[in-house]
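K.L.:
Mapping of the sequence shown onto my numbering: residues 671 to 767, in sequence order.
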Amino acid sequence: MIRHIVFFTAKSSDDLDAICEGLSLLGTIPHSSHFEVSRNSKVDQISNEVDVVVYAEFADAASLAAYKAHPTYAEATRRVRPLRELRLSADFEAQPG
Numbered sequence: 671m672i673r674h675i676v677f678f679t680a681k682s683s684d685d686l687d688a689i690c691e692g693l694s695l696l697g698t699i700p701h702s703s704h705f706e707v708s709r710n711s712k713v714d715q716i717s718n719e720v721d722v723v724v725y726a727e728f729a730d731a732a733s734l735a736a737y738k739a740h741p742t743y744a745e746a747t748r749r750v751r752p753l754r755e756l757r758l759s760a761d762f763e764a765q766p767g
């Protein structure tokens, strides 16, 4: 299983609802086995720069690639990119057990 985690910072806190709405479109793409969009609770004692987190799980690399190639992915990117400052992404294989 591939875990896909993406962190976003907003250019303006006024745009957080629009960012979450745009990213929520990604949950309609059929290739993930699990999908979430959430605002960061910002309770870490050291770093709270991240505003929004996307977390998704995919059966394999092909499913992740199909997700990123889906037209809805491009639409979500079109909506969110102008509103976000930073985007950091990590994809990794889940460890068994």
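All C-beta atoms, glycine included, are put in the ideal place defined by N, C-alpha and C.
Starting from Leu-758, trace the beta strand (DSSP E) both ways and give me its first and last residue.
P.N.:
As a working note, residue 758 is residue 88 in the sequence shown. Looking at the DSSP string, the run of the beta strand (DSSP E) that includes Leu-758 is 754 to 763.
K.L.:
In the DSSP output, what is Tyr-743 paired with across the bridge?
P.N.:
Here residue 743 refers to the residue found at position 73 of the sequence shown. DSSP links Tyr-743 through a beta bridge to no other residue.
K.L.:
Output the distance between the C-alpha atoms of Ala-735 and Cys-690, rounded to the nearest integer angstrom.
P.N.:
As a position in the sequence shown, residue 735 is number 65, starting the count at 1. As a position in the sequence shown, residue 690 is number 20, starting the count at 1. About 22 Å.
K.L.:
Are the CB atoms of Asp-730 and Thr-679 within a distance shorter than 8 Å?
P.N.:
Walking along the sequence shown from the start, residue 679 turns up at place 9. Walking along the sequence shown from the start, residue 730 turns up at place 60. Against a cut-off of 8 Å, the Cβ pair of Asp-730 and Thr-679 comes out as no contact.
K.L.:
Ordered along the chain, which non-local residues of its own chain (more than five positions away) have a Cβ less than 8 Å from that of Leu-693?
P.N.:
On the sequence shown, position 23 is the one that residue 693 refers to. Phe-678, Val-707, Val-722, Val-724, Ala-746, Val-750.
K.L.:
Return yes when the Cβ of Met-671 is within less than 8 Å of the Cβ of Ala-760, no when it is not.
P.N.:
Here residue 760 refers to the residue found at position 90 when the sequence shown is read from its first residue. Here residue 671 refers to the residue found at position 1 when the sequence shown is read from its first residue. No, the Cβ-Cβ distance between Ala-760 and Met-671 is not below 8 Å.
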